[in-house]
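Residue numbering for the sequence shown is 348 to 492, as defined by our numbering.
Glycine is no exception: its CB is placed at the ideal position from the N, C-alpha and C atoms.
Since we're looking at a predicted model, the values are computed, not measured.
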Amino acid sequence: MEIIKNLHSYLAYVVLAVLVIAVVNAIAGWLGKKDFTLHKDLRISLFALILSHIQLLVGLVLYFVSANGLKAIQTLGMSGLNAPARLLAVEHPFINIIALVLITIGWSKHKKLMESDRKFKTISIFYGLGLLLILSRIPWNQWFA
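Right, dumping it as structure tokens:
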């Protein structure tokens, strides 16, 4: 259990860094009118997608085995959760799943496009929205405790 929790915590730093790199790269490519390359741009975006999905899978395992996840809802009920418990048991998983859906949509939509500026724009918007949602539901008090 502790291994899964640590993996989820430390992998989060990597995922956030790669997502930030992917969003910044896409915005720079979009605004700079650059060509979308398979060597760099596709790989950065794909790496962010893959790491985000791995983080989601680790998080789902943690959700079902941790006392702060589904067990908290089963034990206390939805009305019995205080704000920090609700963040971990409900808001964090739900919003992050939505964020991953947005990132996945961005990846899928960009593959169908031919123009570099539209590829960069799509990744910028969808990955950027996903990143913002993830940042909004991180339990920051636990990260720096």
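Of the residues assessed, Ser399 falls on the buried side of the cut-off, its CB having 16 or more other CB atoms within 10 angstroms.
Taking a 10 Å sphere around the C-beta of Asn443, we find 16 or more other C-beta atoms and assign the residue as buried. No residue range can be given for Val437, since it is assigned to no alpha helix (DSSP H) and is classified by DSSP as neither H nor E.
CA-to-CA, the gap between Leu428 and Ala419 works out to about 8 Å. Counting other Cβ atoms within 10 Å of its Cβ, Ser471 reaches 16 or more and is therefore classed as buried. At a Cβ-Cβ threshold of 7 Å, Leu479 and Leu366 do not count as neighbours. Taken in chain order, the whole beta strand (DSSP E) runs of length 3 or more contained in the stretch 349-431 number zero. Closest by C-alpha distance to Pro431, out of Asn372, Ser356, Trp487, is Trp487.
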